[in-house]
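Reviewing the structure listed below.
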Amino acid sequence: LIEPFVGNGWAGGRTDFNADDMLRIGFFVGDGTFHKAGGAYVGIGNKDDDVAPLFDGYARHNIDRRNTYISKNSNLYNEFVRIGADSAHLPERVLPSQVWGLSVELVCAFLRGLYSANGNVMPKHRRVVLKATSLRLVRETQMLLLALGIRSYIVTNKPYVVEWVNGTYTSKQSYALSIADWNSYQEFGERIGFIQKYKQEAYNAAESPAYTFTRPFKVVAIEPVGQADVYDFSVSNDSHSGWANGFLVHN
27 LIEPFVGNGW AGGRTDFNAD DMLRIGFFVG DGTFHKAGGA YVGIGNKDDD
77 VAPLFDGYAR HNIDRRNTYI SKNSNLYNEF VRIGADSAHL PERVLPSQVW
127 GLSVELVCAF LRGLYSANGN VMPKHRRVVL KATSLRLVRE TQMLLLALGI
177 RSYIVTNKPY VVEWVNGTYT SKQSYALSIA DWNSYQEFGE RIGFIQKYKQ
227 EAYNAAESPA YTFTRPFKVV AIEPVGQADV YDFSVSNDSH SGWANGFLVH
277 N
């Protein structure tokens, strides 16, 4: 996976998107879908009153605003397409192809929308968690966070059986992306945060730990792998740098 992403403080990055639209796009990626007949739907929860106004003027809400329809003729729908939003169902979904080349400010706006859709906070544990059924989406989000100086780790949630009034349902395997340490928790709040007031208040309720530490990574082995093909790549930014499997590289 080689993607052109400018990251934390590097020069360049596309600015031809609106920050509020990136909020909407991030929320759509987390809790929306394209309709096969045209247009798109965004799922807005009962507690997401802070989110619904973002789509006013672009979309048609139903009575409880839970399913919000966005016409394929709207400017917002065109932005979904222009950013490269994925039409796949949630388990196969990936991040929009054009997110990687955006400016830091627009990446942060996108992540704020995404976390507002699928993120939650556990203030007692000083933890922010993003949950999704797509492992690739979670891994790509982890790369974006790392580029912003935010460390995280992934936990796999195995399928489990849920009893509902209308029958038994087996959940899909999902993945939880958790912020790794207190410094990263603080960085998340400063750069990203949440749209919803109740999530932001939960985030703010976390108390500073008595002490903090950063666990260093230990190199356990360096082994030769033989000869392999190498490749040149080009990116559309002035920094001549890009992300390759989570590492910043340049020519």
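In the numbering used here, each number is its position in the sequence shown, counted from 1, plus 26.
Note that the Cβ used here is the ideal one computed from N, Cα and C, for glycine as well.
What you are looking at is a predicted structure, and each value in this text was computed from that prediction instead of being measured.
In this structure, LEU163 lies near VAL120, with their beta-carbon atoms less than 8 Å apart. For ILE180, the uninterrupted beta strand (DSSP E) segment begins and ends at 178 to 183.
Rounded to whole angstroms, the gap between the alpha carbons of TYR195 and PRO185 is 10 Å.
Boundaries of the beta strand (DSSP E) around LYS157: 153 to 158. A distance below 7 Å between beta-carbons, with the five flanking residues on each side excluded, links HIS61 to the following residues of its chain, in chain order: TYR67. DSSP places ARG40 within a strand segment (E or B) once states are collapsed to three.
When the beta-carbon positions are compared, LEU203 and THR159 stay at least 8 Å from each other.
At the C-beta level, ARG40 and GLY175 stay beyond 8 Å of one another.
Nearest C-alpha to HIS115 among GLU213, SER100 and LYS198: LYS198. For ASN146, the enclosing beta strand (DSSP E) covers residues 145 to 148. Counting the other CB atoms within 10 Å of its CB gives ARG138 a total of 16 or more, which places it among the buried residues.
Taking a 10 Å sphere around the C-beta of PHE106, we find 16 or more other C-beta atoms and assign the residue as buried. Counted as a single uninterrupted DSSP element, the stretch harbouring TRP126 is not any beta strand (DSSP E), since DSSP gives it neither H nor E.
Taking the CA atoms as reference points, GLU233 sits about 8 Å from PRO149. Taking 8 Å as the cut-off, the Cβ atoms of VAL55 and GLN222 do not count as close.
Between PHE214 and SER142, the C-beta spacing is not below 8 Å.
The C-beta distance from ASP57 to ASN144 rounds to 7 Å, short enough to fall under 8 Å.
Boundaries around GLY52 are those of the alpha helix (DSSP H), 45 to 57, since no beta strand (DSSP E) includes it. Burial check for LYS244: the Cβ neighbour count within 10 Å stays below 16, so the residue is exposed.
Bridge partners of LEU203 according to DSSP: LEU156 and ILE180. DSSP links ASN209 through a beta bridge to no other residue. By the C-beta density criterion, ASP112 is buried, having at least 16 other C-beta atoms within 10 angstroms.
Less than 8 Å divides the Cβ of LEU102 from the Cβ of ILE96. The three-state secondary structure of GLY219, taken from DSSP, is coil. When the alpha-carbon of ASN209 is set against those of ARG177, VAL251 and ASP255, the nearest one is in ARG177.
Residue nearest to ARG217 within the set ARG50, LEU170 and ASN192 is LEU170 (criterion: CA-CA distance). Within a 10 Å sphere around the beta-carbon of PHE53 sit 16 or more other beta-carbons, which makes this residue buried.
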